[in-house]
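Counting from 361, one number per residue, gives the positions in the sequence shown under this note's numbering. Just so you know, even glycine gets a beta-carbon here, dropped at the ideal spot from N, CA and C.
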Amino acid sequence: MAIGASIYKVVLNISNLNTHSYQDFNLTMAKHPSESEARLMNRLVAFCHCAHEDLEFTKGLSTKDEPEIWQKDMTGEIVHWIELGQPDEKRIKQAAGKSKRVSIFTTHPNTSLDWFKKIENKIPKDKVFVYFVKILENGPIDRFVERGMRLSCTIEEGLTYLGNDDERITIEVENLTGNF
Numbered sequence: 361m362a363i364g365a366s367i368y369k370v371v372l373n374i375s376n377l378n379t380h381s382y383q384d385f386n387l388t389m390a391k392h393p394s395e396s397e398a399r400l401m402n403r404l405v406a407f408c409h410c411a412h413e414d415l416e417f418t419k420g421l422s423t424k425d426e427p428e429i430w431q432k433d434m435t436g437e438i439v440h441w442i443e444l445g446q447p448d449e450k451r452i453k454q455a456a457g458k459s460k461r462v463s464i465f466t467t468h469p470n471t472s473l474d475w476f477k478k479i480e481n482k483i484p485k486d487k488v489f490v491y492f493v494k495i496l497e498n499g500p501i502d503r504f505v506e507r508g509m510r511l512s513c514t515i516e517e518g519l520t521y522l523g524n525d526d527e528r529i530t531i532e533v534e535n536l537t538g539n540f
């Protein structure tokens, strides 16, 4: 018998002081059986940085033709394609061909910069944005994981503060591509 996805409910308040955007979200996230809780939370950090009322989580790991998160317009066209990890050049170019914007959030401290250097000159810089997510204080990132989470996220300059009523972690999200 196959093991199904675990469902997580998240009440999320986002205050992005860089863009003066303040939003509340009620999210449902599915964690694939092969996915770690840290990866689940990194998807949430990516959501926070790309927050939009039309942004939604996809089937992710279980579907090769979809990103982790996407934003579609009213016609069904993909406006924003959001990936986690270190996708290969072919996947990045396919994503850029299917959407107006592609954001990639990578989290592997030992390999992310090497991966980025290999693909940097092979990706369309006008559409593809690459970010490195690094926990600075009070980690690990999965410390808040519960089936029902009530979290707040404040984004200010290069720092992201993610927390609940009792504690918070500090995260740096560095834009490796330098474009905005």
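Backbone CA spacing between residue i and residue j [nearest angstrom]
i	j	result
Lys478	Ala456	18 Å
Glu532	Thr520	6 Å
Thr530	Ile442	22 Å
Tyr491	Phe407	13 Å
Phe417	Thr379	22 Å
Delimiting residues of the alpha helix (DSSP H) encompassing residue i
i	result
Leu372	Not the alpha helix (DSSP H): Leu372 falls in the beta strand (DSSP E), residues Ser366 to Asn376.
Glu397	Glu397 to His409
Assigned exposure category for residue i - 16 Cβ within 10 Å defines buried
i	result
Glu428	buried
Glu449	exposed
Val488	buried
Val370	buried
Arg510	exposed
Lys424	exposed
Asn373	exposed
Ile495	buried
Ile515	buried
Asn524	exposed
Residue(s) in a DSSP beta bridge with residue i
i	result
Leu536	Answer is none; Leu536 lacks a bridge partner.
Gly523	Ser512 and Arg528
Thr388	Lys369
First and last residue of the uninterrupted beta strand (DSSP E) at residue i
i	result
Ser394	Note, Ser394: premise wrong, no beta strand (DSSP E); not H, not E.
Glu416	Leu415 to Phe417
> For the stretch 432 to 514, which segments carrying the alpha helix (DSSP H) assignment without a break, of at least 4 residues, lie completely within its bounds, in sequence order?
Replying inline: As far as the stretch 432 to 514 is concerned, its whole alpha helix (DSSP H) runs of at least 4 residues are 449 to 458 and 472 to 479.
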